[in-house]
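**Q** Encoded as structure tokens, here's the structure I'll be asking about.
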Amino acid sequence: MRLYGTFSGTLVVAGLAIIFTLLAPSIFEFFTIITLTQVIGLSILALSLALVWGFGGILCFGQSAFFGIGAYAYSVAAVNIGGSTGAIFIAILAAAIFAAILGYFVFYGKVSDVYLAVITLTVSLILYSLMRRTSGPEYKIGKALLGGFNGTGSPPLNVPGNGSAMLFPMQTFYVSMAVLITAYVFTGWLVTTKFGRVCVSIRENDVRTELLGYDTRLYKLGLFSISAGIAGLGGVFFCVGVTRVTPDVFSLGQSALAIIWVIVGGRMTLIGPILATFVLYFLTSSLGSQQVFNANLVLGIILVIFVLLVPNGVVPTIAGWFERRRTKRYIRQKERRMKLRKHRATG
Amino acid sequence: MDLFFSLALQILYGIANLALISLGLAIVFGMMRVINLAHGEFLMLGGYTVVVATNNGVNIWFAMLILAPLVVGIIGLIVERCLIQWLYGRMIDTLLATWGLSLLFIGIITSVFGASTSTVISPPLGAVTIGDYTSSGYELFLIFVVIVLLILVYLTLKFTSLGLVARATMQNADMAACLGISTSRIYMVTFSLGAAVSGLAGGLLAPITGVLPNIGVIYIAKAFITVISGGSAILAGTTSASVLLGGVNGIMSYVTGPTFGEVALLFTAIILLRLMPTGITGRFFRKSQ
Chain A
1 MRLYGTFSGT LVVAGLAIIF TLLAPSIFEF FTIITLTQVI GLSILALSLA
51 LVWGFGGILC FGQSAFFGIG AYAYSVAAVN IGGSTGAIFI AILAAAIFAA
101 ILGYFVFYGK VSDVYLAVIT LTVSLILYSL MRRTSGPEYK IGKALLGGFN
151 GTGSPPLNVP GNGSAMLFPM QTFYVSMAVL ITAYVFTGWL VTTKFGRVCV
201 SIRENDVRTE LLGYDTRLYK LGLFSISAGI AGLGGVFFCV GVTRVTPDVF
251 SLGQSALAII WVIVGGRMTL IGPILATFVL YFLTSSLGSQ QVFNANLVLG
301 IILVIFVLLV PNGVVPTIAG WFERRRTKRY IRQKERRMKL RKHRATG
Chain B
1 MDLFFSLALQ ILYGIANLAL ISLGLAIVFG MMRVINLAHG EFLMLGGYTV
51 VVATNNGVNI WFAMLILAPL VVGIIGLIVE RCLIQWLYGR MIDTLLATWG
101 LSLLFIGIIT SVFGASTSTV ISPPLGAVTI GDYTSSGYEL FLIFVVIVLL
151 ILVYLTLKFT SLGLVARATM QNADMAACLG ISTSRIYMVT FSLGAAVSGL
201 AGGLLAPITG VLPNIGVIYI AKAFITVISG GSAILAGTTS ASVLLGGVNG
251 IMSYVTGPTF GEVALLFTAI ILLRLMPTGI TGRFFRKSQ
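Protein chains in written order, with my numbering: chain A, 1 to 347; chain B, 1 to 289.
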């Protein structure tokens, strides 16, 4: 059965992820489990970028803007509501609506390619400079202080409907893993729908898709907003994992990291960027504690090498090897059968 | 009246500053359609060259005007030969590879010089008084340098054989190659000249901003936005975008404070790109350079 690039493949990966989730507490130390929650948030960000860039062909340099909006919206809403369940949905909606407005501006203006990248980057930098200036008691939304450079505290998750019953770190880990798997299966399903296929054809050839009668602007806007909503969801779990959100989520570095994860993992897949996030996060954090190599130096080398030598990313490259091996085997079998038939014919 | 002069000078300096940090990027983008995200790090390396040279007793003027562009130009040459030349025509890949390069430079400089400023060098010119207000003489000097630099680029493009060949390559690289021009060499020279201009800018700004390994990040966003808003024409694009964005920034900074000045700059750039997706020179002055 062909698994790579199909929905059944997605389900198999999801099954493996569930097994990983159940085994994780017995493999990892408790501290690692706590860290994992923020990495899961980051990997959801990578997933959202893989969706919009890999499948829609929209290079969004400011994906972290939606990530940050999600994190801030969650923190502010959770403090004001006094519970996390509604706040999560508010965060997703806030990010998606912001993206819809921005996307209307961009896609209906026929802005494309590099210009689109610059606009999204600019928006993220505007948010960065604005949020840094919000220190002081006058900047607050409801009961939540925005806190300027230091950011604002993010309340932990709680049992739905009961604001005082906080989840333990282990339970938070299970919930965030469940959300990651759901988001992964959702995006995997989305790209197999008609909507997803039209988006892929826009990536391949915008003009031709438009000539076939699809309103490419609308499809791009839809994909952009959905991916922003997913990025916002990532922001929620990141800030829950860190317990605070600072303006740094909007910084150039955060956007750079997301792009590196997607490049390394493979931009045409969904699982690649998620795995790359986990691997690179733990690689850089262990480098950071060793102080032998500078983390920037290593990330820079990785990015350059991947763009030059492995432009498709790790997962598609490996999948390509298997594909080729299977094709070779298929050809070999066919040849053998042909030979046999010839043998019989000649007697 | 004195206030007006002082304010005008401040805005003019803002414009010059923007033009200075984006000119190197504009040369590379305009000629080669390559967006160099390591541009900020070229500026940073220029700054470090000046600091290291003056600490070793080199005259600061020599370090800023000769040494910084020379060193960074050579670095640009190496970068072009080792990295950029494999990626022509792949705009997004170049963008990502140069981003990796920028992280690499930050990493190297942090490992060598540490994460904080090594030495602060003071601007070599004193203050200038206009009526009741004083203004920095060094800022006046920078405005002067930017004007000279723009004129030099114009003269080079218009009246030298290198400029002619470069313009031919810019218009139609295949046709230029058919006529016997080594386009690969032109790209190489252009890239290292762009890097040299960035190095000069970084060296000149070092006394004002100080040097830090990650100072490039501050420059790159502004330079990137200015160049894209300006469009592909090197001189007209950079000048018009700097005047517009720098002007908005200066006026808004005066009215409301530095943060909103910056936000106004970025916001103007977004509106501009929505109205003119190919930049100012994509819409107007199409025949300019």
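In this text, a Cβ means the ideal position worked out from N, Cα and C, and glycines have one as well.
Keep in mind it's a predicted model, so treat the numbers as computed, not measured.
Ordered along the chain, which non-local residues of its own chain (more than five positions away) have a Cβ less than 6 Å from that of L77/B?
**A** Contacts found: S192.
**Q** Please list, in chain order, all residues of the same chain as A99/A whose beta carbon is under 8 Å from its beta carbon, the five residues on each side excluded.
**A** These residues qualify, in order along the chain: F66, F224, S225, S227, A228 and G229.
**Q** Measuring only the C-alpha atoms, how far is E139/B from Y13/B?
**A** Rounded to whole angstroms, E139/B to Y13/B spans 6 Å at the Cα level.
**Q** Can you find a C-beta in chain A that's less than 8 Å from the C-beta of G137/B?
**A** Not an interface residue.
**Q** Can you have a look at I18/A and say buried or exposed, based on whether 16 or more other CB atoms are within 10 angstroms of its CB?
**A** I18/A should be labelled exposed.
**Q** Classify I270/B as buried or exposed, calling it buried when 16 or more other Cβ atoms lie within 10 Å of its own Cβ.
**A** Buried, because 16 or more other Cβ atoms sit within 10 Å of the Cβ of I270/B.
**Q** Answer yes or no: does any C-beta atom of chain A fall closer than 8 Å to that of S111/B?
**A** Chain A contact via Cβ: present.
**Q** Please identify the residue among E41/B, N36/B, R274/B and I147/B whose C-alpha is closest to the C-alpha of S242/B.
**A** Checking every option, the nearest Cα to that of S242/B belongs to I147/B.
**Q** Determine the closest residue to Y219/B out of T54/B, G40/B, T49/B and N172/B, with distance taken between C-alpha atoms.
**A** Of the candidates T54/B, G40/B, T49/B and N172/B, the one whose C-alpha sits nearest the C-alpha of Y219/B is G40/B.
**Q** By the three-class DSSP mapping on this structure, what secondary structure does L145/A have?
**A** Correct three-state label for L145/A: strand.
**Q** Determine whether the beta carbon atoms of V211/B and G57/B lie at a separation below 8 Å.
**A** Cβ distance not < 8 Å, so V211/B and G57/B don't count as in contact.
**Q** Just list the beta strand (DSSP E) runs in the region 262-329 of chain A, keeping only unbroken ones of 3 residues or longer that don't cross its boundaries, in chain order.
**A** None, since the region 262-329 of chain A contains no complete beta strand (DSSP E) of that length.
**Q** Can you pull the chain A neighbours of L103/B, defined as C-beta to C-beta under 8 Å?
**A** Here the neighbours are A256, N296, L297, L299, G300 and L303.
**Q** Taking the alpha carbon of L87/B as the point to measure from, which residue in W321/A, L167/A, A345/A and V307/A has its own alpha carbon closest?
**A** It is V307/A whose Cα lies nearest to the Cα of L87/B.
**Q** Below 8 Å on the Cβ atoms is my guess for F61/A versus L121/A; work out the distance and round it to an integer in Å.
**A** Contact flag correct, Cβ pair sits at about 4 Å.
**Q** Can you name the residues of chain B whose CB is closer than 9 Å to the CB of G9/A?
**A** Those within 9 Å of G9/A in chain B number zero; the least Cβ separation is about 27 Å.
**Q** In chain order, which continuous runs of the alpha helix (DSSP H) of length 4 or greater are located wholly inside the region 176-206 of chain B?
**A** The region 176-206 of chain B contains no whole alpha helix (DSSP H) run of 4 or more residues.
**Q** First and last residue of the alpha helix (DSSP H) that includes Q171/A?
**A** Run containing Q171/A: P169 to L190, per the alpha helix (DSSP H) assignment.
**Q** Going along chain B, which residues have a C-beta under 8 Å from L42/A?
**A** Ordered by position in chain B, no residue passes the 8 Å Cβ test against L42/A, which lies about 17 Å from the chain.
**Q** Between which two residues does the alpha helix (DSSP H) carrying G68/A extend?
**A** Element bounds for G68/A: Q63 to I81.
**Q** So which of F237/A, T35/A and S164/A has the shortest CA-CA distance to S154/A?
**A** Of F237/A, T35/A and S164/A, the residue nearest in Cα terms is F237/A.
**Q** Residues in the same chain with beta-carbon distance under 6 Å from G246/B, minus the five sequence neighbours each way, listed in chain order, please.
**A** Only G14, I15 and L18 meet the Cβ criterion.
**Q** Quick one: list the residues of chain A neighbouring F224/B, beta-carbon separation under 7 Å, in chain order.
**A** Going along chain A in sequence order, the residues near F224/B (Cβ under 7 Å) are V118.
**Q** Taking 8 Å as the threshold (beta carbon to beta carbon), is M170/B in contact with chain A?
**A** By this cut-off, M170/B is not an interface position.
**Q** Please work out which residues of its chain come closer than 8 Å, Cβ to Cβ, to T183/B, disregarding the five sequence neighbours upstream and downstream, and give them in chain order.
**A** Cβ neighbours of T183/B beyond the five flanking positions: T169, A173, A176 and A177.
**Q** Taking Cβ positions, are L297/A and S111/B nearer each other than 8 Å?
**A** In this structure, S111/B lies closer than 8 Å to L297/A by Cβ.
**Q** Between which residues of its own chain and I40/A is the CB-CB distance below 6 Å, once the five residues before and five after are set aside?
**A** The residues are S176, L180 and F237.
**Q** Consider the Cβ of K110/A: report whether some Cβ of chain B lies at a distance smaller than 8 Å.
**A** Chain B contact via Cβ: present.
**Q** With 8 Å as the C-beta to C-beta threshold (strictly closer), list the residues of the region 243-271 of chain B near chain A in chain order.
**A** Answer in chain order: T259, E262, V263, L266, F267, A269 and I270.
**Q** Got a sec: does the ligand FMN put a non-hydrogen atom nearer than 7 Å to the Cβ of A173/B?
**A** Summarising the ligand content, the structure contains no ligands, and the ligand FMN is consequently not present.
**Q** Run through DSSP, which three-state label would N158/A get?
**A** Strand.
**Q** Which bits of chain A does I96/B rub up against, with CB to CB less than 8 Å?
**A** Reading off the sequence, residue 96/B comes out as Leu, not Ile. Simply I259, I263, L303 and V307.
**Q** P311/A touches chain B at which residues, Cβ-Cβ below 8 Å?
**A** In chain order: D93.
**Q** So which residues on chain B does V114/A lean against when the C-beta distance must stay under 8 Å?
**A** Within 8 Å Cβ-Cβ: I35, M91, I92, L95 and I228.
**Q** Kindly indicate which residue of G151/A, P169/A, V13/A and T152/A has the alpha-carbon position closest to the one of V159/A.
**A** Checking every option, the nearest Cα to that of V159/A belongs to P169/A.
**Q** Taking the Cβ atom as the reference point for each residue, do P207/B and I109/B lie within a distance shorter than 8 Å?
**A** No.
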